[in-house]
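Last residue of the sequence shown: 90 in the numbering used here, with the numbers rising by one and none dropped.
A virtual CB, placed ideally from N, CA and C, is assigned to each residue, including glycine.
Since the structure comes first, as structure tokens, the remarks are kept for the end.
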Amino acid sequence: VGVIHKITNLISGEMRININAMTIEAKDGLFYGNVKIYVHDKEELDALVDKLKKLPGIETVDRYDTETVE
Numbered sequence: 021v022g023v024i025h026k027i028t029n030l031i032s033g034e035m036r037i038n039i040n041a042m043t044i045e046a047k048d049g050l051f052y053g054n055v056k057i058y059v060h061d062k063e064e065l066d067a068l069v070d071k072l073k074k075l076p077g078i079e080t081v082d083r084y085d086t087e088t089v090e
């Protein structure tokens, strides 16, 4: 099962968080992606970030506030 599937399954399936937008690109054998979601609170976001970081194949997880990134 691919990394993208694992990411979407975790977010939508396990965590029951809606994905509003997702972009993926490949460069030099690595995949880079952005996932836009809305969470209920910081605790839900922290739990998601922790779980994403534990997925095999994930090197980094960064958070951006939509008010500062458009």
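Item                                                                                                   : Value
Please classify Leu65: does DSSP put it in a helix, a strand, or coil?                                 : helix
Does the distance from the CB of Ile42 to the CB of Ala67 come in under 9 Å?                           : The sequence shown places Met at residue 42, rather than the Ile named in the question. No, the Cβ-Cβ distance between Met42 and Ala67 is not below 9 Å.
Please report the straight-line C-alpha distance between Lys62 and Asp85, rounded to a whole angstrom. : 12 Å
With Ile37 as the anchor, note down where its alpha helix (DSSP H) starts and where it stops.          : From DSSP, Ile37 is part of no alpha helix (DSSP H); its letter is neither H nor E.
Between Glu45, Ile27, Leu50, which has its C-alpha nearest Ile39's C-alpha?                            : Ile27
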